[in-house]
Amino acid sequence: MSDPSRADFVVVANRLPVQHSMSQGNEEWRPSPGGLVSALTSVLQSRNGLWIGWLGVSEHGEPPATYEGIPLKAVSISRGEYDDYYLGFSNATLWPLYHDAIRAPTFHRHWWHTYEDINMRFATAAAEAVAPGGTVWIHDYQLQLVPNMLRQLRPDVRIGFFLHIPFPPSELFMQLPWRREILAGLLGADLIGFQVPHVASNFSRIARRLVGATGTDSILNFEGRTIRVGAFPITVDSAQIIALASDPGIRERALEIRRDLGNPEVVLLGVDRLDYTKGIQQRINALTELYADGSLSGGKHVVVQVAVPSRESDAHYDLERHNLEQVVSEMNGDHGLVGSPVIHYLHQNLPFDELLALYLAADIMLVTPFRDGMNLVAKEYVACRTDLTGKLVLSEFAGAAAELRGAFMVNPHDLEGIKEAIRLALKAGPKEAKARMSRMRRKTLRRDVYDWAQSFLAALQQGTA
Ligand code: G6P
109 MSDPSRADFV VVANRLPVQH SMSQGNEEWR PSPGGLVSAL TSVLQSRNGL WIGWLGVSEH
169 GEPPATYEGI PLKAVSISRG EYDDYYLGFS NATLWPLYHD AIRAPTFHRH WWHTYEDINM
229 RFATAAAEAV APGGTVWIHD YQLQLVPNML RQLRPDVRIG FFLHIPFPPS ELFMQLPWRR
289 EILAGLLGAD LIGFQVPHVA SNFSRIARRL VGATGTDSIL NFEGRTIRVG AFPITVDSAQ
349 IIALASDPGI RERALEIRRD LGNPEVVLLG VDRLDYTKGI QQRINALTEL YADGSLSGGK
409 HVVVQVAVPS RESDAHYDLE RHNLEQVVSE MNGDHGLVGS PVIHYLHQNL PFDELLALYL
469 AADIMLVTPF RDGMNLVAKE YVACRTDLTG KLVLSEFAGA AAELRGAFMV NPHDLEGIKE
529 AIRLALKAGP KEAKARMSRM RRKTLRRDVY DWAQSFLAAL QQGTA
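As numbered in my numbering, residues 109 to 573 make up the sequence shown, in order.
(1) Tell me whether residue 455 counts as near the ligand G6P, meaning its Cβ is closer than 7 Å to at least one heavy atom of that ligand.
(2) Have a look at residue 176 and residue 149 and give me their C-alpha separation to the nearest angstrom.
(3) Based on the DSSP output, what are the partners of residue 286 in its beta bridges?
(4) Per DSSP, which one or two residues make a beta bridge with residue 137?
(5) Measure the C-alpha to C-alpha separation of residue 359 and residue 549 and round it to an integer number of angstroms.
(6) Looking at the secondary structure, which residues open and close the alpha helix (DSSP H) in which residue 221 lies?
(7) Roughly how many angstroms separate the alpha carbons of residue 569 and residue 556, rounded to a whole number?
(8) With respect to 7 Å, is the separation between the Cβ of residue 122 and the closest non-hydrogen atom of the ligand G6P below this value?
(9) Evaluate residue 279 with the Cβ neighbour count: other Cβ atoms within 10 Å of its Cβ, from every protein chain shown; 16 or more gives buried, anything less gives exposed.
(10) Heavy atom of the ligand G6P less than 7 Å from the Cβ of residue 272, yes or no?
(11) What span of residues does the beta strand (DSSP E) with residue 368 cover, start to end?
(12) Looking at the ligand G6P, does it come within less than 7 Å of residue 419, judged from the CB to the closest heavy atom?
(13) Okay, do the segment 252-268 and the segment 294-301 touch, 3+ Cβ pairs below 8 Å being the bar?
(14) Please return the same chain residues whose Cβ sits closer than 7 Å to the Cβ of residue 209, not counting the five positions on each side in sequence.
(15) Can you name the residues that DSSP bridges to residue 174?
(16) Does any heavy atom of the ligand GTP sit closer than 7 Å to the C-beta of residue 191?
(17) What would DSSP say about residue 443, mapped onto helix, strand or coil?
(18) Is it buried or exposed for residue 442, if we count other Cβ within 10 angstroms and need 16 for buried?
(19) Between the alpha carbons of residue 392 and residue 371, how many angstroms are there, rounded?
(20) Judging by CA-CA distance, which residue of 373, 400, 561 and 558 is the nearest neighbour of residue 534?
(21) If you reduce the DSSP assignment to three classes, tell me which class residue 348 lands in.
(22) Is it a yes or a no for the segment 444-451 touching the segment 471-485, going by three-plus beta-carbon pairs under 8 Å?
(23) For the ligand G6P, I want to know if residue 380 counts as a neighbour, meaning its beta carbon is within less than 7 Å of at least one of the ligand's heavy atoms.
(24) Rounded to a whole number of angstroms, what is the C-alpha to C-alpha distance between residue 394 and residue 523?
(25) From residue 235 to residue 291, what does the alpha carbon distance come to, in whole angstroms?
(26) Quick check: the segment 223-231 against the segment 266-278, are there 3 or more CB pairs under 8 Å?
(27) Residues in the same chain with beta-carbon distance under 6 Å from residue 573, minus the five sequence neighbours each way, listed in chain order, please.
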């Protein structure tokens, strides 16, 4: 007999799909930003699914019981656990380690122990929620122990895991004092997905070397089970973006933005979470030098940088913001004109409509992270340029670089290289820009985020009869 309170399909992610916000004095729960929510909503709706996640630091009481008809199950995390599991192990150990150790990762045993405890809390919630023989899809670096914990609790369920961020090369991964535990945690899944193929192969190599898994890069054997490993590059909700890009209100807003910027010849745009992995300061340093050497000039070229507030209680993020604001103000101080700053800096979480209007207003989009799992901003920009205008300057170290070959590629550590790529983008005529954009759109629009979710789930079901 099936238990109606249990779901055939369960998504487990650190965050729930809703977040608390205040709008004109009213409290409300809004969908969390990002493609994952729109990707998984329709999949969950069609499969009688449930979403397990954490509410974030919120003193705002209970979240809604459902979102778009999908039952939500909140995992609660105390203030001390937030410090150790979220700020600590997830974002000060794993995040920097998995992003090329751009900041030195910090290793603390008590962070690790809390990470284990919280992962067990998520695993227990999933074990209680999933129907016999059901499917559980676990997301991201905060929950790498959940696959194996869940397998111990519920050997009857199908378990998928997808890592949204990079997985480090073995020289870095080997630093982690709990490297074997993390590998064993992940290997509890039936399918482990990564953003790009070489990262998937790299994971399999490390698993063979470190915990004695056998097999190939795409099929591993470990403790008598078979685990499939593969690349599932995430993408955007292209149909929604294309529809919004032709919305008259959004198009008018794009024109208004250009007017507000003083109708410059060229608008250059950056949109990033304010994170030290995104290379924002380096990019602004490159732009400042371009103003200094006359390649860019005030009034004619205007930069807009949106930095979305993120992980603000972490000292590295605080310092990043401080330093960023310093270089922004130096850039305006040195090169701005009265009534016409060269850079407009917004430290805000903008609604998606406004972001799209900015993408439409921008002639050159700058995406130059030092390391990034995928980078959906690059794909959003490409998806909304339906008239085939617009140029993308893109870091070689973003997962998106494997697909967006029509971009002006840069090594984000190479200041001269960034300057040169921006100069080339400025110089490229409409014909070249169109050819590059068409190439990128062909690749980006071939699959959307629903196809991404479906392809992962189809691979996860393989082997089940
Ligand atoms: C990255 C991670 C996500 C995370 C997001 C925002 O995209 O892959 O797991 O949710 O950043 O960060 P936050 O710490 O605010 O959840």
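Even for Gly, the Cβ is constructed at its ideal location relative to N, Cα and C. Because the structure is a prediction, the values reported are computed rather than measured.
Let's see:
(1) Counting from one through the sequence shown, the residue named residue 455 turns up at place 347. Flag unset: Cβ of residue 455 not near the ligand G6P.
(2) The residue labelled residue 176 in the question sits at position 68 within the sequence shown. The residue labelled residue 149 in the question sits at position 41 within the sequence shown. Approximately 8 Å, taken between the alpha carbons.
(3) Sequence index remark: in the sequence shown, residue 286 carries index 178 (1-based). Answer is none; residue 286 lacks a bridge partner.
(4) Within the sequence shown, the letter at position 29 stands for residue 137. Its beta-bridge partners are 128.
(5) As a position in the sequence shown, residue 359 is number 251, starting the count at 1. As a position in the sequence shown, residue 549 is number 441, starting the count at 1. Those two C-alpha atoms are separated by around 20 Å.
(6) In the sequence shown, residue 221 corresponds to position 113, counting from 1. It spans 217-237 - the alpha helix (DSSP H) in which residue 221 sits, taken as one unbroken run.
(7) Position 461 of the sequence shown, counting from 1, holds the residue named residue 569. Position 448 of the sequence shown, counting from 1, holds the residue named residue 556. Near 20 Å, if we compare the C-alpha coordinates of residue 556 and residue 569.
(8) Translated into positions along the sequence shown, residue 122 becomes position 14. Between the ligand G6P and the CB of residue 122, the shortest heavy atom gap is smaller than 7 Å.
(9) If you number the sequence shown from 1, residue 279 lands on position 171. Counting Cβ neighbours within 10 Å, residue 279 comes out exposed, since fewer than 16 surround it.
(10) Counting from 1 along the sequence shown, the entry for residue 272 is found at position 164. Yes, the beta carbon of residue 272 sits closer than 7 Å to at least one heavy atom of the ligand G6P.
(11) Position 260 of the sequence shown, counting from 1, holds the residue named residue 368. Careful: residue 368 lies outside any beta strand (DSSP E), inside the alpha helix (DSSP H) at 356-368.
(12) Working through the sequence shown from its first residue, we reach residue 419 at position 311. Indeed, a heavy atom of the ligand G6P lies less than 7 Å from the Cβ.
(13) yes
(14) Translated into positions along the sequence shown, residue 209 becomes position 101. So the qualifying residues of the chain are 280.
(15) Walking along the sequence shown from the start, residue 174 turns up at place 66. DSSP lists 179 as partners of residue 174.
(16) For the structure depicted, the ligand GTP is absent and the ligand set comprises only the ligand G6P.
(17) Locating residue 443 in the sequence shown gives position 335, where the first residue counts as 1. Of the three classes helix, strand and coil, the one that applies to residue 443 here is helix, per DSSP.
(18) The residue you call residue 442 lines up with position 334 of the sequence shown. That one is exposed.
(19) Here residue 392 refers to the residue found at position 284 of the sequence shown. Here residue 371 refers to the residue found at position 263 of the sequence shown. Cα atoms of residue 392 and residue 371: separation of roughly 21 Å, rounded to the nearest angstrom.
(20) The residue labelled residue 534 in the question sits at position 426 within the sequence shown. It is 373 whose Cα lies nearest to the Cα of residue 534.
(21) Numbered from its first residue, the sequence shown carries residue 348 at position 240. Helix, per DSSP.
(22) no
(23) Along the sequence shown, one-based indexing puts residue 380 at 272. Placement of the Cβ of residue 380 at a distance of 7 Å or more from every heavy atom of the ligand G6P is found.
(24) By 1-based counting over the sequence shown, the position of residue 394 is 286. By 1-based counting over the sequence shown, the position of residue 523 is 415. Straight-line Cα distance between these residues: approximately 6 Å.
(25) Numbered from its first residue, the sequence shown carries residue 235 at position 127. Numbered from its first residue, the sequence shown carries residue 291 at position 183. Residue 235 and residue 291 have their C-alpha atoms some 21 Å from each other.
(26) They do not touch, by the three-pair rule.
(27) Taking the first residue of the sequence shown as 1, we reach residue 573 at position 465. Per-residue confidence for residue 573 stands at a pLDDT of 40, beneath the threshold of 50, marking its modelled position as unreliable; the derived number appears in the next sentence. Cβ neighbours of residue 573 beyond the five flanking positions: none.
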